[in-house]
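Below you'll find the structure, written out as C-alpha coordinates, and then a few comments.
Here is the structure:
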(Lines of atoms letter the chains of each structure in order from A and count residues from 1; the text may use other names and numbers.)
(Lines give C-alpha, C1' and ligand atoms only; values in the text may rest on other atoms or scores of the structure.)
Protein backbone atom coordinates (compact mmCIF):
# COMPACT_ATOMS: atom_id res chain seq x y z
CA UNK A 1 0.00 0.00 0.00
CA UNK A 2 1.49 3.39 -0.98
CA UNK A 3 2.69 5.59 1.88
CA UNK A 4 0.28 8.37 2.73
CA UNK A 5 0.96 12.03 2.09
CA UNK A 6 -0.63 14.08 4.91
CA UNK A 7 -0.98 17.29 2.92
CA UNK A 8 -4.18 18.32 1.16
CA UNK A 9 -4.67 21.42 -0.96
CA UNK A 10 -6.35 23.13 2.02
CA UNK A 11 -3.14 22.58 4.04
CA UNK A 12 -1.04 24.19 1.33
CA UNK A 13 -3.36 27.19 1.07
CA UNK A 14 -3.31 27.62 4.85
CA UNK A 15 0.49 27.45 4.89
CA UNK A 16 0.68 30.15 2.21
CA UNK A 17 -1.53 32.44 4.27
CA UNK A 18 0.63 31.95 7.36
CA UNK A 19 3.82 33.07 5.61
CA UNK A 20 2.42 35.54 3.07
CA UNK A 21 3.65 38.70 4.83
CA UNK A 22 7.19 37.36 5.28
CA UNK A 23 7.75 36.64 1.58
CA UNK A 24 7.92 38.33 -1.76
CA UNK A 25 5.53 37.06 -4.39
CA UNK A 26 8.28 36.67 -6.95
CA UNK A 27 7.79 37.66 -10.57
CA UNK A 28 6.93 35.03 -13.17
CA UNK A 29 8.32 36.54 -16.32
CA UNK A 30 7.41 35.45 -19.83
CA UNK A 31 10.66 35.73 -21.72
CA UNK A 32 10.00 36.24 -25.43
CA UNK A 33 13.57 35.72 -26.76
CA UNK A 34 13.92 32.42 -24.87
CA UNK A 35 10.42 31.38 -25.93
CA UNK A 36 11.35 31.94 -29.57
CA UNK A 37 14.62 30.02 -29.22
CA UNK A 38 12.98 27.04 -27.51
CA UNK A 39 9.81 27.04 -29.57
CA UNK A 40 7.28 27.22 -26.74
CA UNK A 41 5.93 29.98 -24.49
CA UNK A 42 8.27 30.04 -21.51
CA UNK A 43 7.94 31.76 -18.15
CA UNK A 44 10.68 32.05 -15.54
CA UNK A 45 9.67 31.93 -11.87
CA UNK A 46 12.43 34.14 -10.44
CA UNK A 47 12.96 32.86 -6.92
CA UNK A 48 16.48 34.28 -7.15
CA UNK A 49 14.74 37.60 -6.39
CA UNK A 50 13.19 36.24 -3.18
CA UNK A 51 14.28 37.73 0.16
CA UNK A 52 17.52 35.89 1.04
CA UNK A 53 17.91 35.10 -2.67
CA UNK A 54 16.21 31.71 -2.82
CA UNK A 55 12.97 29.79 -2.29
CA UNK A 56 14.28 28.33 0.98
CA UNK A 57 12.82 31.23 2.98
CA UNK A 58 9.35 29.84 2.28
CA UNK A 59 9.83 26.50 4.02
CA UNK A 60 11.96 27.86 6.87
CA UNK A 61 9.45 30.59 7.68
CA UNK A 62 6.55 28.16 7.74
CA UNK A 63 8.40 25.61 9.89
CA UNK A 64 9.50 28.14 12.49
CA UNK A 65 6.01 29.61 12.64
CA UNK A 66 4.52 26.18 13.27
CA UNK A 67 7.07 25.45 15.98
CA UNK A 68 6.38 28.71 17.78
CA UNK A 69 2.63 28.08 17.61
CA UNK A 70 3.03 24.66 19.21
CA UNK A 71 2.63 23.62 22.82
CA UNK A 72 6.38 23.71 23.52
CA UNK A 73 7.96 26.47 21.42
CA UNK A 74 11.75 26.21 21.14
CA UNK A 75 14.24 28.72 22.50
CA UNK A 76 16.34 28.35 19.39
CA UNK A 77 16.78 26.48 16.12
CA UNK A 78 19.68 24.78 14.36
CA UNK A 79 20.06 23.88 10.70
CA UNK A 80 22.60 22.38 8.32
CA UNK A 81 22.99 23.82 4.86
CA UNK A 82 25.37 24.71 2.05
CA UNK A 83 23.89 28.18 2.28
CA UNK A 84 20.36 28.85 1.05
CA UNK A 85 18.48 26.93 3.75
CA UNK A 86 20.82 28.48 6.31
CA UNK A 87 19.94 31.98 5.12
CA UNK A 88 16.24 31.19 5.14
CA UNK A 89 16.45 29.88 8.70
CA UNK A 90 18.57 32.84 9.82
CA UNK A 91 16.11 35.40 8.46
CA UNK A 92 13.00 33.57 9.64
CA UNK A 93 14.46 33.18 13.14
CA UNK A 94 15.58 36.81 13.27
CA UNK A 95 12.06 37.99 12.41
CA UNK A 96 10.80 36.08 15.46
CA UNK A 97 13.66 37.08 17.78
CA UNK A 98 14.75 33.44 17.93
CA UNK A 99 18.31 32.18 18.30
CA UNK A 100 19.62 30.46 15.15
CA UNK A 101 22.68 28.25 14.73
CA UNK A 102 23.61 27.11 11.23
CA UNK A 103 26.18 24.45 10.42
CA UNK A 104 27.74 24.84 6.99
CA UNK A 105 30.48 22.96 5.11
CA UNK A 106 33.79 24.80 5.35
CA UNK A 107 33.80 25.14 1.54
CA UNK A 108 30.35 26.78 1.39
CA UNK A 109 30.26 29.93 -0.78
CA UNK A 110 31.58 32.92 1.15
CA UNK A 111 28.63 35.10 0.15
CA UNK A 112 26.24 32.66 1.83
CA UNK A 113 28.33 32.44 4.99
CA UNK A 114 28.54 36.22 5.30
CA UNK A 115 24.84 36.62 4.63
CA UNK A 116 23.96 34.24 7.47
CA UNK A 117 26.17 36.17 9.85
CA UNK A 118 24.64 39.49 8.80
CA UNK A 119 21.24 38.02 9.61
CA UNK A 120 22.44 37.29 13.14
CA UNK A 121 22.97 33.53 12.93
CA UNK A 122 25.72 31.71 14.79
CA UNK A 123 27.60 30.10 11.89
CA UNK A 124 29.60 26.92 12.48
CA UNK A 125 31.83 25.70 9.64
CA UNK A 126 32.00 21.92 9.79
CA UNK A 127 33.86 19.50 7.51
CA UNK A 128 33.73 19.51 3.73
CA UNK A 129 30.28 18.02 3.07
CA UNK A 130 26.66 18.75 3.81
CA UNK A 131 26.43 15.36 5.48
CA UNK A 132 29.14 16.31 8.01
CA UNK A 133 27.38 19.61 8.72
CA UNK A 134 24.08 17.76 9.23
CA UNK A 135 25.63 15.36 11.72
CA UNK A 136 27.03 18.30 13.70
CA UNK A 137 23.69 20.12 13.65
CA UNK A 138 21.88 17.04 15.00
CA UNK A 139 24.40 16.76 17.83
CA UNK A 140 23.97 20.44 18.69
CA UNK A 141 20.20 20.07 18.71
CA UNK A 142 20.46 17.28 21.25
CA UNK A 143 23.16 18.90 23.38
CA UNK A 144 21.66 22.41 23.55
CA UNK A 145 17.95 21.68 23.28
CA UNK A 146 17.53 23.36 19.91
CA UNK A 147 14.89 22.47 17.33
CA UNK A 148 16.52 20.93 14.26
CA UNK A 149 15.14 22.33 10.99
CA UNK A 150 15.57 19.86 8.18
CA UNK A 151 16.10 21.58 4.82
CA UNK A 152 13.61 19.42 2.93
CA UNK A 153 12.41 16.26 4.69
CA UNK A 154 9.65 17.82 6.78
CA UNK A 155 5.97 18.22 5.94
CA UNK A 156 5.85 21.79 7.27
CA UNK A 157 8.85 22.72 5.11
CA UNK A 158 7.29 21.05 2.06
CA UNK A 159 4.02 22.92 2.69
CA UNK A 160 5.95 26.18 2.83
CA UNK A 161 7.72 25.47 -0.46
CA UNK A 162 4.34 24.66 -2.00
CA UNK A 163 3.51 28.37 -1.87
CA UNK A 164 5.85 28.75 -4.85
CA UNK A 165 3.75 26.27 -6.84
CA UNK A 166 0.50 27.97 -5.87
CA UNK A 167 1.84 31.27 -7.21
CA UNK A 168 3.05 29.59 -10.40
CA UNK A 169 -0.39 28.25 -11.28
CA UNK A 170 -2.19 31.47 -10.31
CA UNK A 171 0.11 33.48 -12.57
CA UNK A 172 0.04 30.93 -15.41
CA UNK A 173 -3.26 29.03 -15.27
CA UNK A 174 -2.58 27.66 -18.76
CA UNK A 175 0.74 26.06 -17.81
CA UNK A 176 1.29 22.47 -18.93
CA UNK A 177 4.87 21.82 -17.75
CA UNK A 178 6.75 22.80 -14.59
CA UNK A 179 10.54 22.38 -14.58
CA UNK A 180 12.09 22.42 -11.12
CA UNK A 181 15.61 21.95 -9.66
CA UNK A 182 15.96 18.73 -7.69
CA UNK A 183 18.31 18.19 -4.75
CA UNK A 184 16.81 16.80 -1.56
CA UNK A 185 13.36 17.16 -3.07
CA UNK A 186 11.65 19.73 -0.84
CA UNK A 187 10.98 22.30 -3.55
CA UNK A 188 9.76 19.89 -6.19
CA UNK A 189 7.64 18.02 -3.63
CA UNK A 190 5.88 21.23 -2.59
CA UNK A 191 5.43 22.45 -6.16
CA UNK A 192 4.24 19.05 -7.39
CA UNK A 193 1.59 18.90 -4.65
CA UNK A 194 0.44 22.45 -5.32
CA UNK A 195 0.08 21.76 -9.06
CA UNK A 196 -1.11 18.16 -9.22
CA UNK A 197 -3.77 18.58 -6.52
CA UNK A 198 -5.32 21.25 -8.75
CA UNK A 199 -4.50 20.00 -12.24
CA UNK A 200 -3.15 16.42 -12.51
CA UNK A 201 -2.44 16.92 -16.22
CA UNK A 202 0.46 19.31 -15.56
CA UNK A 203 3.80 17.58 -16.12
CA UNK A 204 6.31 18.10 -13.31
CA UNK A 205 9.95 17.53 -14.28
CA UNK A 206 12.89 17.52 -11.89
CA UNK A 207 16.43 18.45 -12.93
CA UNK A 208 19.60 17.29 -11.16
CA UNK A 209 23.25 18.00 -11.77
CA UNK A 210 24.94 15.10 -13.57
CA UNK A 211 27.71 14.88 -10.96
CA UNK A 212 25.32 14.34 -8.03
CA UNK A 213 22.25 12.53 -9.30
CA UNK A 214 20.83 10.15 -6.67
CA UNK A 215 17.34 10.42 -8.20
CA UNK A 216 18.44 9.49 -11.74
CA UNK A 217 16.57 6.16 -11.98
CA UNK A 218 14.24 6.58 -9.01
CA UNK A 219 11.04 6.87 -11.04
CA UNK A 220 11.94 3.66 -12.90
CA UNK A 221 13.01 1.33 -10.09
CA UNK A 222 12.34 3.19 -6.83
CA UNK A 223 16.01 3.05 -5.85
CA UNK A 224 18.42 5.91 -5.22
CA UNK A 225 21.84 5.87 -6.87
CA UNK A 226 24.99 6.03 -4.77
CA UNK A 227 26.91 9.27 -5.21
CA UNK A 228 30.71 9.17 -5.27
CA UNK A 229 32.30 10.88 -2.22
CA UNK A 230 34.44 13.26 -4.28
CA UNK A 231 31.70 14.37 -6.66
CA UNK A 232 32.03 18.05 -7.62
CA UNK A 233 29.61 20.44 -9.29
CA UNK A 234 29.08 24.19 -9.58
CA UNK A 235 25.47 23.49 -8.56
CA UNK A 236 26.34 23.24 -4.87
CA UNK A 237 22.79 24.01 -3.74
CA UNK A 238 21.51 20.64 -5.04
CA UNK A 239 24.62 18.62 -4.18
CA UNK A 240 22.55 16.37 -1.92
CA UNK A 241 23.58 12.75 -1.39
CA UNK A 242 20.86 11.87 1.15
CA UNK A 243 17.48 12.64 -0.43
CA UNK A 244 14.51 12.75 1.92
CA UNK A 245 12.17 9.92 2.86
CA UNK A 246 9.11 12.15 2.87
CA UNK A 247 10.02 13.86 -0.38
CA UNK A 248 10.44 10.43 -1.99
CA UNK A 249 6.77 9.71 -1.35
CA UNK A 250 5.68 12.82 -3.21
CA UNK A 251 8.16 12.45 -6.04
CA UNK A 252 7.20 8.83 -6.63
CA UNK A 253 3.54 9.79 -6.97
CA UNK A 254 3.55 13.24 -8.56
CA UNK A 255 6.80 13.85 -10.47
CA UNK A 256 6.65 12.72 -14.11
CA UNK A 257 10.27 12.82 -15.21
CA UNK A 258 13.80 13.41 -13.90
CA UNK A 259 16.71 14.54 -16.10
CA UNK A 260 20.31 15.59 -15.50
CA UNK A 261 22.60 18.30 -16.87
CA UNK A 262 26.37 18.73 -16.63
CA UNK A 263 28.36 21.72 -15.43
CA UNK A 264 29.01 22.98 -18.98
CA UNK A 265 25.27 23.27 -19.58
CA UNK A 266 24.75 24.88 -16.17
CA UNK A 267 27.42 27.50 -16.88
CA UNK A 268 25.81 28.30 -20.24
CA UNK A 269 22.48 28.75 -18.48
CA UNK A 270 24.01 31.16 -15.95
CA UNK A 271 25.24 33.31 -18.85
CA UNK A 272 21.92 33.07 -20.70
CA UNK A 273 19.91 34.07 -17.64
CA UNK A 274 22.21 37.03 -17.01
CA UNK A 275 21.90 38.20 -20.60
CA UNK A 276 18.14 37.70 -20.89
CA UNK A 277 16.94 38.85 -17.48
CA UNK A 278 19.86 40.88 -16.07
CA UNK A 279 19.64 38.73 -12.94
CA UNK A 280 22.13 36.26 -11.47
CA UNK A 281 21.23 32.61 -11.00
CA UNK A 282 23.42 30.25 -9.03
CA UNK A 283 24.34 26.89 -10.52
CA UNK A 284 21.62 24.98 -8.68
CA UNK A 285 19.09 27.66 -9.55
CA UNK A 286 19.44 27.43 -13.33
CA UNK A 287 19.52 23.67 -13.94
CA UNK A 288 15.96 23.73 -15.30
CA UNK A 289 16.88 26.34 -17.88
CA UNK A 290 20.02 24.34 -18.71
CA UNK A 291 17.92 21.24 -19.34
CA UNK A 292 15.71 23.12 -21.79
CA UNK A 293 18.67 24.66 -23.58
CA UNK A 294 20.28 21.22 -23.92
CA UNK A 295 17.03 19.69 -25.27
CA UNK A 296 16.88 17.27 -22.35
CA UNK A 297 13.12 17.83 -22.04
CA UNK A 298 10.73 17.11 -24.89
CA UNK A 299 8.18 19.89 -25.26
CA UNK A 300 5.20 19.97 -27.60
CA UNK A 301 4.39 23.11 -29.65
CA UNK A 302 1.27 23.66 -27.54
CA UNK A 303 3.06 23.36 -24.20
CA UNK A 304 3.21 26.28 -21.76
CA UNK A 305 6.32 25.86 -19.61
CA UNK A 306 7.32 27.47 -16.32
CA UNK A 307 10.94 27.08 -15.21
CA UNK A 308 11.82 27.75 -11.59
CA UNK A 309 15.04 29.75 -11.12
CA UNK A 310 15.37 28.65 -7.53
CA UNK A 311 18.22 30.81 -6.24
CA UNK A 312 20.77 33.51 -7.03
CA UNK A 313 23.27 33.34 -4.19
CA UNK A 314 26.37 32.77 -6.25
CA UNK A 315 29.79 33.48 -4.75
CA UNK A 316 31.24 36.58 -6.43
CA UNK A 317 34.61 34.86 -6.84
CA UNK A 318 32.87 32.29 -9.04
CA UNK A 319 30.86 34.69 -11.19
CA UNK A 320 33.67 35.57 -13.60
CA UNK A 321 34.81 31.97 -13.89
CA UNK A 322 31.27 30.73 -14.43
CA UNK A 323 30.66 33.33 -17.12
CA UNK A 324 33.89 32.44 -18.94
CA UNK A 325 33.06 28.75 -18.60
CA UNK A 326 29.63 29.37 -20.09
CA UNK A 327 30.96 31.53 -22.91
CA UNK A 328 33.57 28.91 -23.81
CA UNK A 329 31.10 26.02 -23.77
CA UNK A 330 28.75 27.97 -26.08
CA UNK A 331 31.47 28.89 -28.59
CA UNK A 332 31.84 32.53 -27.62
CA UNK A 333 35.28 32.34 -26.05
CA UNK A 334 38.27 30.38 -27.31
CA UNK A 335 41.90 29.97 -26.38
CA UNK A 336 44.56 28.61 -28.74
CA UNK A 337 48.33 28.29 -28.87
CA UNK A 338 49.79 29.19 -32.29
CA UNK A 339 53.42 28.49 -33.27
CA UNK A 340 54.90 31.21 -35.51
CA UNK A 341 58.32 32.29 -36.71
CA UNK A 342 60.16 34.38 -34.10
CA UNK A 343 60.70 37.25 -36.52
CA UNK A 344 59.58 40.90 -36.70
CA UNK A 345 56.06 41.36 -38.03
CA UNK A 346 54.86 37.80 -37.48
CA UNK A 347 52.79 38.59 -34.41
CA UNK A 348 51.22 41.58 -36.15
CA UNK A 349 50.25 39.40 -39.11
CA UNK A 350 48.69 36.88 -36.74
CA UNK A 351 46.63 39.54 -34.98
CA UNK A 352 45.55 41.04 -38.31
CA UNK A 353 44.07 37.68 -39.28
CA UNK A 354 42.11 37.64 -36.04
CA UNK A 355 40.94 41.23 -36.53
CA UNK A 356 39.89 40.59 -40.15
CA UNK A 357 37.57 37.84 -38.93
CA UNK A 358 35.89 40.22 -36.47
CA UNK A 359 37.23 38.61 -33.31
CA UNK A 360 38.17 40.51 -30.18
CA UNK A 361 41.44 39.59 -28.49
CA UNK A 362 41.21 39.38 -24.73
CA UNK A 363 44.72 38.23 -23.92
CA UNK A 364 48.01 37.66 -25.75
CA UNK A 365 51.01 35.84 -24.33
CA UNK A 366 54.42 35.11 -25.92
CA UNK A 367 56.20 31.89 -24.96
CA UNK A 368 59.84 31.50 -25.96
CA UNK A 369 62.25 28.81 -24.90
CA UNK A 370 59.59 26.14 -24.29
CA UNK A 371 60.85 22.60 -24.90
CA UNK A 372 57.98 21.83 -27.28
CA UNK A 373 58.66 24.96 -29.40
CA UNK A 374 61.38 24.55 -32.10
CA UNK A 375 64.38 26.87 -32.07
CA UNK A 376 63.69 30.03 -34.07
CA UNK A 377 59.95 29.76 -33.39
CA UNK A 378 57.70 31.19 -30.69
CA UNK A 379 54.35 30.15 -29.31
CA UNK A 380 51.61 32.74 -28.98
CA UNK A 381 48.68 32.16 -26.64
CA UNK A 382 45.54 33.90 -27.87
CA UNK A 383 42.31 34.22 -25.91
CA UNK A 384 39.53 35.65 -28.09
CA UNK A 385 35.84 36.46 -28.02
CA UNK A 386 34.00 34.79 -30.91
CA UNK A 387 30.43 34.52 -32.21
CA UNK A 388 30.05 30.73 -32.16
CA UNK A 389 31.87 27.47 -32.89
CA UNK A 390 31.60 28.02 -36.65
CA UNK A 391 33.40 31.35 -36.22
CA UNK A 392 36.16 29.53 -34.33
CA UNK A 393 36.48 26.90 -37.08
CA UNK A 394 36.87 29.70 -39.61
CA UNK A 395 39.89 31.00 -37.72
CA UNK A 396 41.45 27.54 -37.55
CA UNK A 397 41.01 27.15 -41.31
CA UNK A 398 42.81 30.47 -41.93
CA UNK A 399 45.68 29.42 -39.67
CA UNK A 400 45.91 26.03 -41.44
CA UNK A 401 46.06 27.75 -44.85
CA UNK A 402 49.01 29.77 -43.52
CA UNK A 403 50.76 26.58 -42.42
CA UNK A 404 50.55 27.46 -38.74
CA UNK A 405 50.47 24.83 -36.01
CA UNK A 406 47.54 25.38 -33.61
CA UNK A 407 46.73 23.78 -30.24
CA UNK A 408 43.37 24.20 -28.56
CA UNK A 409 43.60 25.23 -24.91
CA UNK A 410 41.09 25.33 -22.12
CA UNK A 411 39.92 28.79 -21.12
CA UNK A 412 41.33 29.57 -17.68
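In the UniProt record's numbering, the protein residues as written are 1 to 412. Note that the Cβ used here is the ideal one computed from N, Cα and C, for glycine as well.
Same chain, Cβ closer than 6 Å to residue i, neighbours up to 5 away in sequence not counted
i           : result
residue 240 : 183, 184
residue 171 : 28
residue 26  : 46, 47, 49, 50
residue 74  : 67, 147
residue 249 : 3, 5
residue 292 : 38
residue 121 : 90, 100, 102
residue 157 : 59, 63, 186
residue 268 : 326, 329, 330
Beta-carbon proximity check, residue i vs residue j, cutoff 8 Å
i           : j           : result
residue 45  : residue 307 : yes
residue 259 : residue 207 : yes
residue 334 : residue 386 : yes
residue 384 : residue 411 : no
residue 76  : residue 100 : yes
residue 286 : residue 336 : no
residue 194 : residue 12  : yes
residue 177 : residue 305 : yes
residue 272 : residue 289 : yes
residue 166 : residue 16  : yes
residue 19  : residue 163 : yes
residue 187 : residue 310 : yes
residue 234 : residue 326 : no
residue 189 : residue 251 : yes
residue 7   : residue 215 : no
residue 312 : residue 70  : no
residue 204 : residue 192 : yes
residue 314 : residue 352 : no
Nonlocal neighbours in the same chain, by C-beta distance under 7 Å from residue i, ignoring five residues either side
i           : result
residue 366 : 378, 380
residue 138 : 148
residue 265 : 290, 293, 294
residue 339 : 373, 377, 379, 404, 405
residue 119 : 87, 90, 91, 94
residue 316 : 111
residue 362 : 383, 384, 385
residue 210 : 260, 261, 262
residue 392 : 331, 334, 386
For residue i, the three-state DSSP class (helix, strand or coil)
i           : result
residue 363 : strand
residue 148 : strand
residue 206 : strand
residue 80  : strand
residue 311 : strand
residue 248 : helix
residue 337 : strand
residue 61  : helix
residue 32  : helix
residue 199 : coil
residue 231 : coil
residue 45  : strand
residue 280 : coil
residue 168 : helix
residue 329 : helix
residue 260 : strand
residue 318 : helix
residue 410 : coil
residue 69  : coil
residue 143 : helix
Limits of the alpha helix (DSSP H) - the one that residue i falls within
i           : result
residue 402 : Note, residue 402: premise wrong, no alpha helix (DSSP H); not H, not E.
residue 220 : 218-221
residue 271 : 263-277
residue 101 : Taken as a continuous stretch (DSSP letters only), residue 101 belongs to no alpha helix (DSSP H), being part of the beta strand (DSSP E) at 99-104.
residue 287 : 287-293
residue 111 : 110-118
residue 353 : 346-356
residue 3   : No alpha helix (DSSP H) holds residue 3; DSSP gives it neither H nor E.
residue 10  : 9-19
Contact test: residue i Cβ vs the ligand MN heavy atom, cutoff 7 Å
i           : result
residue 167 : In the structure on display, the ligand MN does not appear, and there are no ligands present to speak of.
Own chain, CB closer than 8 Å to residue i, minus 5 neighbours either side, in chain order
i           : result
residue 245 : 153
residue 370 : 379
residue 394 : 357
residue 199 : 169
residue 31  : 42, 43, 44, 276, 277
residue 388 : 330, 331, 332
residue 78  : 100, 101, 102, 103, 137, 140, 141, 144, 146, 147, 148, 149
residue 299 : 38, 39, 40, 177, 292, 305
residue 342 : 368, 376, 377, 378
Bounding residues of the beta strand (DSSP E) (the contiguous stretch that carries residue i)
i           : result
residue 122 : 122-125
residue 384 : 377-385
residue 179 : 177-181
Three CB pairs or more closer than 8 Å across the stretch 74-93 and the stretch 105-119: yes
Three CB pairs or more closer than 8 Å across the stretch 210-222 and the stretch 249-259: yes
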